[in-house]
Amino acid sequence: MAKVILFDLDGTLLPMDTEQFVHNYLQVLAKKVSSCIDSAIFIKALWAATEAMITNLDPDKSNEQVFTETFLKLTQLNKEEIWPVFDEFYSQVFPTLSHLCQPTPLAARVVEEALQQGYRVAVATNPVFPRQAILHRLTWAGVDHIPFELVTVYEECCFTKPHRHYYEWICETLRVQPEQCIMVGNDMQEDMSASQAGMKTFLVEGYVIDRGQPQYRVDDRGTLADLYEKLKERKGLFTPATFGN
Numbered sequence: 001m002a003k004v005i006l007f008d009l010d011g012t013l014l015p016m017d018t019e020q021f022v023h024n025y026l027q028v029l030a031k032k033v034s035s036c037i038d039s040a041i042f043i044k045a046l047w048a049a050t051e052a053m054i055t056n057l058d059p060d061k062s063n064e065q066v067f068t069e070t071f072l073k074l075t076q077l078n079k080e081e082i083w084p085v086f087d088e089f090y091s092q093v094f095p096t097l098s099h100l101c102q103p104t105p106l107a108a109r110v111v112e113e114a115l116q117q118g119y120r121v122a123v124a125t126n127p128v129f130p131r132q133a134i135l136h137r138l139t140w141a142g143v144d145h146i147p148f149e150l151v152t153v154y155e156e157c158c159f160t161k162p163h164r165h166y167y168e169w170i171c172e173t174l175r176v177q178p179e180q181c182i183m184v185g186n187d188m189q190e191d192m193s194a195s196q197a198g199m200k201t202f203l204v205e206g207y208v209i210d211r212g213q214p215q216y217r218v219d220d221r222g223t224l225a226d227l228y229e230k231l232k233e234r235k236g237l238f239t240p241a242t243f244g245n
């Protein structure tokens, strides 16, 4: 029986048009660093460094290390030149992007209901952002007060979605088996890929992302409101959990 529910953030606990958000985020960030590097060159290097994180399967390198090494090599910048600008952006400018999201009180109600039902809870957002950016988004979603056992950030994780290694790393960290976990998310490829690791999956409708291929198993689906009702009524995937030591 399930013991742990893993929640995606963007498009799941924090309703948003992810494509629109990323577009605006990149434009604002590129403007912020324009004193250090040409915007077009910066965005190209940022995407390449992000891709390097996504393809990396070296367990000895964090996503932050992979991103930093790739980005600095491509831009020929020194970390001392650009990182203070990044830090200032995430502390002062990134919070102003909250208007691009459509937060709902249902997010907190869902997670609080899961806790009340006895589930352990974690945030399994794709760890390609710094901790500070992810904590801001937890605040926007209205779930920053919840005692999540784990929030995946790029400083700590060595893998990303859709790799099964990412989900296996979560299980190792939380000391559970994949079969004891339910992954809740809105991305058909990134979140539903948890099924490859042996987890059950719940697709949150409303801001579904589907690139077509590959296709992964979806065990249940519905809106955030449907998810809340199923949790509350202990239906489907959310039958009463059994707990061991």
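The end of the sequence shown is residue 245 by the UniProt record's numbering, with every number in the run present.
Note that beta-carbon positions come from the ideal geometry of N, C-alpha and C, so glycine has one too.
These numbers were taken from a predicted model, which means no experiment stands behind them.
- Judged by their CB atoms, Leu13 and Val143 are nearer to each other than the 8 Å cut-off.
- Within the region 102-162, the complete alpha helix (DSSP H) segments of 4 residues or longer fall at 106-116, 131-141, listed in chain order.
- Non-local C-beta neighbours of Tyr216 in its own chain, meaning closer than 6 Å and more than five positions away in sequence, comprise Met192, Ser193, Ser195, ordered along the chain.
- As DSSP reads the structure, Met183 sits in a beta bridge with Leu6, Thr201.
- Cβ-Cβ separation between Ala122 and Ile182: approximately 11 Å, too far for a contact (criterion under 8 Å).
- Between the C-alpha atoms of Thr160 and Ala2 there is a straight-line separation of about 23 Å.
- Listed in chain order, the non-local C-beta contacts of Met188 below 6 Å within the same chain comprise Asp210, local neighbours out to five positions each way being set aside.
- Annotation: Arg211 is outside any beta strand (DSSP E) and is labelled neither H nor E by DSSP.
- The Cβ atoms of Ala45 and Phe21 do not sit closer than 8 Å to each other.
- Here Leu57 is exposed. Its C-beta has fewer than 16 other C-beta atoms within 10 Å.
- The C-beta of Gly11 has 16 or more other C-beta atoms within 10 Å across all chains shown, which makes the residue buried.
- In this structure, Glu205 and Arg221 form a Cβ contact; the two beta carbons are roughly 6 Å apart against a cut-off of 8 Å.
- Between the alpha carbons of Phe89 and Glu19 lies a distance of about 20 Å.
- In summary, Ile41 is exposed, with fewer than 16 beta-carbon neighbours lying within 10 Å of its beta-carbon over all protein chains present.
- Taking 8 Å as the upper bound for CB-CB distance, Glu155 and Pro178 are not in contact here, some 24 Å apart.
- Counted as a single uninterrupted DSSP element, the stretch harbouring Asp38 is not any alpha helix (DSSP H), since DSSP gives it neither H nor E.
- In the structure shown, the three-state DSSP call for Asp220 is strand.
- Within its own chain, the residues whose Cβ lies closer than 7 Å to the Cβ of Thr125, once the five positions on either side in sequence are excluded, are Asp8, Leu9, Asp10, Ile134, Thr152, listed in chain order.
- Here Arg120 is buried. Its C-beta has 16 or more other C-beta atoms within 10 Å.
- Look at Leu57 here: in three-state DSSP terms it is coil, with no helix or strand label.
- Secondary structure at Met16: strand, using DSSP grouped into helix, strand and coil.
- Taking C-alpha positions only, Pro59 is separated from Glu51 by approximately 16 Å.
- Secondary structure at Glu80: helix, using DSSP grouped into helix, strand and coil.
- By the CB criterion at 8 Å, Leu26 and Ala48 fall outside the cutoff.
- Burial of Arg137 is indicated by the presence of at least 16 other C-beta atoms within 10 angstroms of its C-beta.
- Cα atoms of Lys31 and Gly118: separation of roughly 46 Å, rounded to the nearest angstrom.
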